[in-house]
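Per the working numbering, the sequence shown starts with residue -13, numbered consecutively.
Every residue, glycine too, gets a C-beta built ideally from N, C-alpha and C.
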Amino acid sequence: WLNMEAEQYVKAMEFFKAVAVNRTDEIAAEAQYAVGLAFQSQKNFSEAIVNYMRVRYVFPAAAVWIGRSYFNLGECYERTNQVQKAKESYTFVVKQNKVADLVPAAEKKLKSLEQL
-13 WLNMEAEQYV
-3 KAMEFFKAVA
7 VNRTDEIAAE
17 AQYAVGLAFQ
27 SQKNFSEAIV
37 NYMRVRYVFP
47 AAAVWIGRSY
57 FNLGECYERT
67 NQVQKAKESY
77 TFVVKQNKVA
87 DLVPAAEKKL
97 KSLEQL
C-alpha cells in the first residue's frame, strides 16, 4: 500500500498482481481490488473495471472486497458515462449490504444518478 500512497502505481500493481495470482484467500481478493484501484487512480477506467470484476469472479467468497469493488465499479462507470451500469453497481452494494460504511454513499450516488 505504501507504493500506492506514493503514487508508484507500477510497482504497486506488480506486487498486488503477484499476490492475487499466487493466493486464493481474502488477502488475494484485497490485492486484486488494489490492482483495480491503481488503474482507477491512473484514470485507466477500462482496466480498472476488468480488475474490479475479477474480484467477484475469482474470489466469490470475499464479500467485503466484492462490495468495495462494486462501489468503485460504479465510479468508473460514471466516469465513462455508463450510467445504467453505474446504477447497477451501486444497487449491488446497497442490496449486498456487506460493506456497511459504503451503503449510505452508494445510496447517495444512486439518488444523484436518478436525477440525470
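- Cβ-Cβ distances below 7 Å link F45 to A14, A15, Q18 and W51 in the same chain, with the five nearest sequence neighbours on each side left out; the list follows chain order.
- Separation of S32 and C62 (C-alpha to C-alpha, rounded to the nearest whole angstrom) is 8 Å.
- Ranked by how close their Cα comes to the Cα of A34, the residues N58, A48, R54 and R9 have N58 in first place.
- Per DSSP, L102 lies in no alpha helix (DSSP H) segment and is marked neither H nor E.
- By a beta-carbon distance limit of 8 Å, E93 does not contact V85. Their separation comes to about 13 Å.
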